[in-house]
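S.K.:
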Amino acid sequence: MNYDQILLRYGEIGLKGKNRKIFTNRLHENVVQKLRKYPDIKVKTTRDRIYIFLNGHDPEPIMQECTEIFGIQSLSLAIQVDNDPESIKEAALFALKDADDAKTFKISTKRINKEFPIGSQEFNHVLGGHLLSNTEGYTVDVHNPDIEIHVDIRQQETYLTSKRIWAAGGLPVGSAGKTLLLLSGGIDSPVAGFMTMKRGVQLEAIHFHSPPYTSERAKQKVIDLAERLTNYGSKIKIHVVPFTKLQQKIHREIPNGYSMTVMRRMMMRISEQVAKQNGILSLTTGESLGQVASQTMESMNAINAVTSYPILRPLIAMDKDEIIEISQKVNLYDISIRPYEDCCTIFVPKSPKTKPKADKVAYYESQVDFAADLQEAIDGIEVIEVDPSSRKDEFEDLL
Ligand code: ATP
Ligand code: MG
Numbered sequence: 000m001n002y003d004q005i006l007l008r009y010g011e012i013g014l015k016g017k018n019r020k021i022f023t024n025r026l027h028e029n030v031v032q033k034l035r036k037y038p039d040i041k042v043k044t045t046r047d048r049i050y051i052f053l054n055g056h057d058p059e060p061i062m063q064e065c066t067e068i069f070g071i072q073s074l075s076l077a078i079q080v081d082n083d084p085e086s087i088k089e090a091a092l093f094a095l096k097d098a099d100d101a102k103t104f105k106i107s108t109k110r111i112n113k114e115f116p117i118g119s120q121e122f123n124h125v126l127g128g129h130l131l132s133n134t135e136g137y138t139v140d141v142h143n144p145d146i147e148i149h150v151d152i153r154q155q156e157t158y159l160t161s162k163r164i165w166a167a168g169g170l171p172v173g174s175a176g177k178t179l180l181l182l183s184g185g186i187d188s189p190v191a192g193f194m195t196m197k198r199g200v201q202l203e204a205i206h207f208h209s210p211p212y213t214s215e216r217a218k219q220k221v222i223d224l225a226e227r228l229t230n231y232g233s234k235i236k237i238h239v240v241p242f243t244k245l246q247q248k249i250h251r252e253i254p255n256g257y258s259m260t261v262m263r264r265m266m267m268r269i270s271e272q273v274a275k276q277n278g279i280l281s282l283t284t285g286e287s288l289g290q291v292a293s294q295t296m297e298s299m300n301a302i303n304a305v306t307s308y309p310i311l312r313p314l315i316a317m318d319k320d321e322i323i324e325i326s327q328k329v330n331l332y333d334i335s336i337r338p339y340e341d342c343c344t345i346f347v348p349k350s351p352k353t354k355p356k357a358d359k360v361a362y363y364e365s366q367v368d369f370a371a372d373l374q375e376a377i378d379g380i381e382v383i384e385v386d387p388s389s390r391k392d393e394f395e396d397l398l
């Protein structure tokens, strides 16, 4: 006997009413996509759970991957047996012996199938007695057991699970449309991307690149960050905007204190265009209120004034150390702290206005003709598609 499947429990999807199927179908597809490198597994999705039949695969790496799929709240290894007391006893004994360090245990039976001849409480005692008389050194502890064996007697079959592993929660990526993430290569914007994905949003990314002031390695950093983010969803298209000429012109033509605000407004204008061209209905940034000069209330007002597009700011109320904690936990941090220059740090004046006035910014901009430069930047966009599965195939071809 062995654990032969992984049971995935839904989080918030469980609260959905009529639309539930849309979410479970999407989650099913995401699970299948993520696990397609394990050829023998089978994924079965039901109203309230997903089962992964292992067919001989090692469960450990598969469980690890499942913790990264949004829409899943928790998962457990499971054994499936027939609804007959003897088979269940045998499976419970296996589960207990398999839990290495356990000395105390508890059985929790849930009987959905009322035709099963023994009630839940009574069956807890039957199973407990069976385990005690077939092992040595174990005791029952109903308050604080080392291992709790769940026996779930359903209509057709029974599932036994013990350890519960927490997964990413949230909603299945793709169930809430798409956003265009302004991805800088810093710490904040990748975390903002992660958090929007958590609410079921699929990402495209836009990055403003200013060669030769920013290097190829700075661009590679953004590609690597996007690739890490694909762990939590599907492939990501990155729109890389050549931003040098615009930045130079801003630097030359706009009074120093206002150049950063104007540069941000250009980013917004270009991002909105790209989003529209790609049927994307919102932008996302890594802004956090008051963190730097461009993120004061006045700055956000002046920057936001050039677009009527919704801008998602999932980090707006978070402290830097909270953002860093997430960045580390979800494996983005080591890339984010690579020391390459960002286009903004190079052109940012020593003392940008922390309280720019929207009408003043508009006035300074109106004195310069940026239209052709904006168009040139949009026309020069390079699209890079980050798809970890295809990269793996290329790699395999080389072997
Ligand atoms: P981050 O850590 O994400 O770089 P930050 O704290 O450094 O953020 P800013 O540099 O002021 O803050 O940038 C604010 C937001 O503007 C970023 O979170 C990102 O969404 C966007 N942004 C900044 N620079 C770029 C860039 N070169 N390309 C794309 N988006 C950018
Ligand atoms: Mg930055």
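Residue numbers in the sequence shown follow numbering that gives the first Met the number 0, run continuously in steps of one, and reach 398 at the last position.
In this text, a Cβ means the ideal position worked out from N, Cα and C, and glycines have one as well.
Measuring CB atoms only, is the region 362-372 touching the region 253-271, in the sense that at least three cross pairs come out at less than 8 Å?
M.R.: Verdict: yes, contact present.
S.K.: Give me the Cα-Cα distance between G168 and K197, rounded to the nearest whole angstrom.
M.R.: Against the sequence shown, residue 168 aligns to sequence position 169. Against the sequence shown, residue 197 aligns to sequence position 198. Each residue's Cα considered, the two are about 7 Å apart.
S.K.: Out of curiosity, what's the CA-to-CA distance linking Y137 and G128?
M.R.: Against the sequence shown, residue 137 aligns to sequence position 138. Against the sequence shown, residue 128 aligns to sequence position 129. Looking at the two C-alpha atoms, the distance is approximately 11 Å.
S.K.: Label L34 either buried or exposed according to how many other C-beta atoms from any shown protein chain fall within 10 Å of its C-beta, with 16 as the threshold for buried.
M.R.: Translated into the one-based positions of the sequence shown, residue 34 becomes position 35. Looking at its Cβ environment, which holds 16 or more other Cβ atoms inside 10 Å, L34 is buried.
S.K.: Is there at least one non-hydrogen atom of the ligand ATP closer than 7 Å to the beta-carbon of D333?
M.R.: The residue labelled residue 333 in the question sits at position 334 within the sequence shown. Every heavy atom of the ligand ATP is 7 Å or more from the Cβ of D333, so no.
S.K.: Under 8 Å Cβ to Cβ from L126, same chain only, skipping five residues before and after it: list those, please.
M.R.: What you label residue 126 is simply residue 127 of the sequence shown in a count that begins at 1. Answer for L126: I87, K88, A91, I106, T108, I148 and V150, listed in chain order.
S.K.: Can you tell me the Cβ-Cβ gap for N54 and K41, rounded? I've got them flagged as a contact below 8 Å.
M.R.: Locating residue 54 in the sequence shown gives position 55, counting from the first residue. Locating residue 41 in the sequence shown gives position 42, counting from the first residue. About 7 Å separates the two Cβ atoms, so the contact holds.
S.K.: According to DSSP, L181 sits in a beta bridge with which residue or residues?
M.R.: Residue 181 sits at position 182 when you count from the first residue of the sequence shown. Per DSSP, I205.
S.K.: Can you tell which of T45, K328, P241 and L131 has its C-alpha closest to the C-alpha of P189?
M.R.: As a position in the sequence shown, residue 189 is number 190, starting the count at 1. The candidate whose alpha carbon is nearest that of P189 is K328.
S.K.: Can you give the Cα-Cα distance for R312 and G285, rounded to whole angstroms?
M.R.: As a working mapping, residue 312 is identified with position 313 in the sequence shown. As a working mapping, residue 285 is identified with position 286 in the sequence shown. So the alpha carbons of these two residues sit roughly 6 Å apart.
S.K.: Based on DSSP bridge pairs, tell me the residues matched to H238.
M.R.: The residue labelled residue 238 in the question sits at position 239 within the sequence shown. Answer is I205 and V382.
S.K.: Taking Cβ to Cβ, would you say T195 is nearer than 8 Å to I279?
M.R.: Sequence index remark: in the sequence shown, residue 195 carries index 196 (1-based). Sequence index remark: in the sequence shown, residue 279 carries index 280 (1-based). Not in contact: T195 and I279 (Cβ atoms no closer than 8 Å).
S.K.: Touch check for the region 367-379 and the region 261-277: three-plus C-beta pairs under 8 Å?
M.R.: The answer is yes - the region 261-277 touches the region 367-379, with three or more Cβ pairs under 8 Å.
S.K.: Out of curiosity, what's the CA-to-CA distance linking I237 and Y339?
M.R.: By one-based count along the sequence shown, residue 237 stands at place 238. By one-based count along the sequence shown, residue 339 stands at place 340. The alpha-carbon atoms of I237 and Y339 are separated by roughly 19 Å.
S.K.: Since I believe L170 is in contact with A204 (beta carbons under 8 Å), could you give me their beta-carbon distance rounded to a whole number of angstroms?
M.R.: Numbered from its first residue, the sequence shown carries residue 204 at position 205. Numbered from its first residue, the sequence shown carries residue 170 at position 171. Incorrect: roughly 20 Å between the Cβ atoms, too far for contact.
S.K.: Heavy atom of the ligand ATP less than 7 Å from the Cβ of Q201, yes or no?
M.R.: Locating residue 201 in the sequence shown gives position 202, counting from the first residue. Not so, every heavy atom of the ligand ATP lies at least 7 Å from the Cβ.
S.K.: So what's Y332 in DSSP terms, helix, strand or just coil?
M.R.: Start at 1 with the first residue of the sequence shown, and residue 332 comes out as number 333. Residue state, collapsed to three classes: helix.
S.K.: Could you tell me if S307 is buried or exposed, where buried requires 16 or more neighbouring beta carbons within 10 angstroms of its beta carbon?
M.R.: Here the question's residue 307 lines up with position 308 in the sequence shown. Exposed, because fewer than 16 other Cβ atoms sit within 10 Å of the Cβ of S307.
S.K.: Check the DSSP bridge columns for Y158 and list the partner residues they point to.
M.R.: Here the question's residue 158 lines up with position 159 in the sequence shown. In DSSP, Y158 forms a bridge with Q79 and D151.
S.K.: Rank D187, T243, I302 and L282 by C-alpha distance to the C-alpha of L331 and give the top, closest one.
M.R.: Translated into positions along the sequence shown, residue 331 becomes position 332. Ranking the options by Cα distance to L331, first place goes to D187.
S.K.: Leaving out five residues on either side along the sequence, give the residues of the same chain with a beta carbon under 6 Å from the beta carbon of Q272.
M.R.: Taking the first residue of the sequence shown as position 1, residue 272 is located at position 273. If we look at Q272 and ignore the five residues flanking it on each side, its Cβ neighbours are I377.
S.K.: For the candidate residues E215, L228 and I334, whose alpha-carbon lies nearest to that of V200?
M.R.: The sequence position of residue 200 within the sequence shown is 201, counting from 1. Measuring from the Cα of V200, the nearest candidate turns out to be L228.
S.K.: Candidates L95, L159 and R110: which alpha carbon is nearest V139's?
M.R.: To locate residue 139, count along the sequence shown from 1; it is residue 140. Answer by Cα proximity: L95.
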